[in-house]
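First up is the structure itself, then whatever we jot down about it.
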Amino acid sequence: MSRLVALLFCGLIGSVNAAENLQQCRAIKDTTARLLCYDQYVDAHSALNVTATVPATATVAASSTANVTEPVKTARDEALFGTSGETIESKIADLNVQVQSISTDSRQKLVLTMQNGQRWQQLDNGFLKVSQGDSCVISSGVFGSYTMKCQQGTKSIRVKRIR
421 MSRLVALLFC GLIGSVNAAE NLQQCRAIKD TTARLLCYDQ YVDAHSALNV TATVPATATV
481 AASSTANVTE PVKTARDEAL FGTSGETIES KIADLNVQVQ SISTDSRQKL VLTMQNGQRW
541 QQLDNGFLKV SQGDSCVISS GVFGSYTMKC QQGTKSIRVK RIR
(Lines of atoms letter the chains of each structure in order from A and count residues from 1; the text may use other names and numbers.)
(Lines give C-alpha, C1' and ligand atoms only; values in the text may rest on other atoms or scores of the structure.)
Protein backbone atom coordinates (compact mmCIF):
# COMPACT_ATOMS: atom_id res chain seq x y z
CA MET A 1 0.00 0.00 0.00
CA SER A 2 2.85 2.38 0.79
CA ARG A 3 4.32 1.65 -2.61
CA LEU A 4 1.06 2.70 -4.23
CA VAL A 5 1.01 5.92 -2.22
CA ALA A 6 4.61 6.62 -3.17
CA LEU A 7 3.77 5.84 -6.78
CA LEU A 8 0.84 8.23 -6.78
CA PHE A 9 2.93 10.89 -5.07
CA CYS A 10 5.69 10.50 -7.65
CA GLY A 11 3.14 10.57 -10.44
CA LEU A 12 1.65 13.82 -9.22
CA ILE A 13 4.90 15.75 -8.88
CA GLY A 14 6.91 13.91 -11.50
CA SER A 15 7.73 14.97 -15.01
CA VAL A 16 5.69 14.35 -18.14
CA ASN A 17 7.84 11.29 -18.83
CA ALA A 18 6.83 9.80 -15.49
CA ALA A 19 3.17 10.43 -16.29
CA GLU A 20 3.60 8.64 -19.61
CA ASN A 21 5.15 5.63 -17.84
CA LEU A 22 2.24 5.49 -15.42
CA GLN A 23 -0.24 5.71 -18.29
CA GLN A 24 1.50 2.78 -19.96
CA CYS A 25 1.16 0.76 -16.76
CA ARG A 26 -2.47 1.75 -16.43
CA ALA A 27 -3.23 0.59 -19.98
CA ILE A 28 -2.24 -3.01 -19.16
CA LYS A 29 -5.37 -5.18 -18.81
CA ASP A 30 -3.88 -8.12 -16.89
CA THR A 31 -3.91 -7.25 -13.17
CA THR A 32 -0.72 -9.09 -12.26
CA ALA A 33 1.17 -7.59 -15.20
CA ARG A 34 -0.15 -4.12 -14.28
CA LEU A 35 0.98 -4.57 -10.69
CA LEU A 36 4.38 -5.75 -11.86
CA CYS A 37 4.68 -2.66 -14.07
CA TYR A 38 3.83 -0.37 -11.14
CA ASP A 39 6.29 -2.21 -8.87
CA GLN A 40 9.07 -1.86 -11.42
CA TYR A 41 8.31 1.84 -11.78
CA VAL A 42 8.41 2.38 -8.02
CA ASP A 43 11.63 0.38 -7.64
CA ALA A 44 13.26 2.42 -10.40
CA HIS A 45 12.22 5.69 -8.78
CA SER A 46 12.79 4.69 -5.14
CA ALA A 47 15.21 7.60 -4.72
CA LEU A 48 12.21 9.91 -5.06
CA ASN A 49 10.53 8.49 -1.98
CA VAL A 50 10.16 11.22 0.55
CA THR A 51 10.19 10.39 4.23
CA ALA A 52 8.55 12.88 6.49
CA THR A 53 10.68 13.79 9.46
CA VAL A 54 9.23 15.33 12.58
CA PRO A 55 11.45 17.58 14.69
CA ALA A 56 12.33 16.12 18.08
CA THR A 57 10.85 19.11 19.91
CA ALA A 58 7.46 18.49 18.34
CA THR A 59 7.58 14.86 19.44
CA VAL A 60 8.45 15.82 23.02
CA ALA A 61 5.71 18.44 23.10
CA ALA A 62 3.14 15.99 21.79
CA SER A 63 4.04 13.33 24.35
CA SER A 64 3.93 15.80 27.24
CA THR A 65 0.50 16.99 26.11
CA ALA A 66 -0.73 13.38 25.99
CA ASN A 67 0.46 12.82 29.56
CA VAL A 68 -1.40 15.88 30.82
CA THR A 69 -4.70 14.92 29.20
CA GLU A 70 -4.61 11.28 30.36
CA PRO A 71 -5.84 11.96 33.94
CA VAL A 72 -8.61 14.16 32.55
CA LYS A 73 -9.79 11.36 30.27
CA THR A 74 -9.69 8.88 33.15
CA ALA A 75 -11.73 11.19 35.39
CA ARG A 76 -14.22 11.71 32.57
CA ASP A 77 -14.46 7.95 32.00
CA GLU A 78 -15.08 7.38 35.71
CA ALA A 79 -17.82 10.00 35.72
CA LEU A 80 -19.47 8.42 32.67
CA PHE A 81 -19.05 4.81 33.84
CA GLY A 82 -22.46 3.15 33.92
CA THR A 83 -24.35 5.73 31.88
CA SER A 84 -26.33 4.50 28.93
CA GLY A 85 -26.03 5.68 25.38
CA GLU A 86 -24.15 4.50 22.35
CA THR A 87 -22.17 7.72 21.99
CA ILE A 88 -20.40 7.21 25.30
CA GLU A 89 -17.66 4.62 25.25
CA SER A 90 -15.87 4.10 28.52
CA LYS A 91 -12.40 2.63 28.45
CA ILE A 92 -12.65 1.53 32.08
CA ALA A 93 -13.53 -2.10 32.82
CA ASP A 94 -13.74 -1.75 36.62
CA LEU A 95 -14.56 1.19 38.86
CA ASN A 96 -13.37 1.31 42.48
CA VAL A 97 -15.77 3.29 44.67
CA GLN A 98 -16.55 3.87 48.33
CA VAL A 99 -20.09 3.62 49.67
CA GLN A 100 -21.33 6.88 51.16
CA SER A 101 -24.90 5.92 52.05
CA ILE A 102 -27.19 2.92 51.76
CA SER A 103 -30.96 2.88 51.35
CA THR A 104 -33.60 0.54 49.97
CA ASP A 105 -36.36 1.11 47.47
CA SER A 106 -40.00 -0.03 47.73
CA ARG A 107 -39.08 -3.56 46.63
CA GLN A 108 -36.33 -3.85 49.26
CA LYS A 109 -33.55 -3.53 46.67
CA LEU A 110 -30.38 -1.71 47.66
CA VAL A 111 -29.81 1.84 46.46
CA LEU A 112 -26.19 2.81 47.05
CA THR A 113 -24.81 6.35 46.89
CA MET A 114 -21.08 6.46 46.28
CA GLN A 115 -18.61 9.13 47.37
CA ASN A 116 -18.15 10.25 43.77
CA GLY A 117 -21.88 11.13 43.60
CA GLN A 118 -23.01 8.13 41.57
CA ARG A 119 -26.11 6.19 42.63
CA TRP A 120 -26.45 2.50 41.85
CA GLN A 121 -29.56 0.34 42.27
CA GLN A 122 -29.63 -3.41 42.82
CA LEU A 123 -31.33 -5.41 40.04
CA ASP A 124 -31.29 -9.00 41.24
CA ASN A 125 -32.52 -10.65 44.44
CA GLY A 126 -29.06 -11.56 45.71
CA PHE A 127 -27.76 -10.62 49.14
CA LEU A 128 -24.69 -8.45 49.52
CA LYS A 129 -23.40 -7.42 52.91
CA VAL A 130 -22.35 -3.83 52.50
CA SER A 131 -21.99 -1.01 54.98
CA GLN A 132 -21.18 2.68 54.82
CA GLY A 133 -17.52 3.34 54.00
CA ASP A 134 -16.95 -0.04 52.33
CA SER A 135 -14.80 -0.12 49.23
CA CYS A 136 -16.53 -1.82 46.29
CA VAL A 137 -15.68 -2.66 42.70
CA ILE A 138 -18.24 -2.18 39.93
CA SER A 139 -17.38 -4.19 36.82
CA SER A 140 -18.90 -3.85 33.39
CA GLY A 141 -20.30 -7.03 31.94
CA VAL A 142 -21.80 -8.17 28.69
CA PHE A 143 -24.58 -6.25 26.93
CA GLY A 144 -24.31 -3.21 29.19
CA SER A 145 -24.76 -5.01 32.51
CA TYR A 146 -22.82 -4.19 35.67
CA THR A 147 -21.93 -6.20 38.77
CA MET A 148 -20.84 -4.88 42.13
CA LYS A 149 -18.62 -6.75 44.55
CA CYS A 150 -17.42 -5.41 47.89
CA GLN A 151 -13.83 -5.98 48.97
CA GLN A 152 -14.52 -7.97 52.13
CA GLY A 153 -16.84 -10.54 50.50
CA THR A 154 -16.95 -12.89 47.57
CA LYS A 155 -20.58 -12.32 46.57
CA SER A 156 -21.67 -9.89 43.89
CA ILE A 157 -24.96 -8.37 42.78
CA ARG A 158 -26.18 -6.98 39.48
CA VAL A 159 -26.61 -3.20 39.55
CA LYS A 160 -27.56 -0.33 37.27
CA ARG A 161 -26.62 3.30 37.54
CA ILE A 162 -29.54 5.59 38.30
CA ARG A 163 -27.63 8.86 38.69
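To get this note's numbering, take the position in the sequence shown, counting from 1, and add 420. Ideal Cβ placement from N, Cα and C applies to all residues, glycine included. Note that the structure is a prediction, hence the values are computed from the model and not measured.
In this structure V517 is in contact with C556, their Cβ atoms being roughly 6 Å apart against a cut-off of 8 Å. In this structure, DSSP gives D554 a state outside helix and strand, which the three-state scheme calls coil. In the DSSP assignment, V531 falls within the beta strand (DSSP E) that extends over 530-534. Taken atom to atom, the span from the alpha-carbon of G553 to that of L530 is near 15 Å. For Q460, the enclosing alpha helix (DSSP H) starts and ends at 451-464. Beta-bridge analysis with DSSP links I577 to M568. Secondary structure of N516 (DSSP, three-state): strand. Put simply, of G564, M568, Q572, D459 the residue whose alpha carbon is nearest the alpha carbon of R539 is M568.
Between D514 and S576, the CB-CB gap reaches or exceeds 7 Å.
A447 and I512 have their C-alpha atoms some 53 Å from each other.
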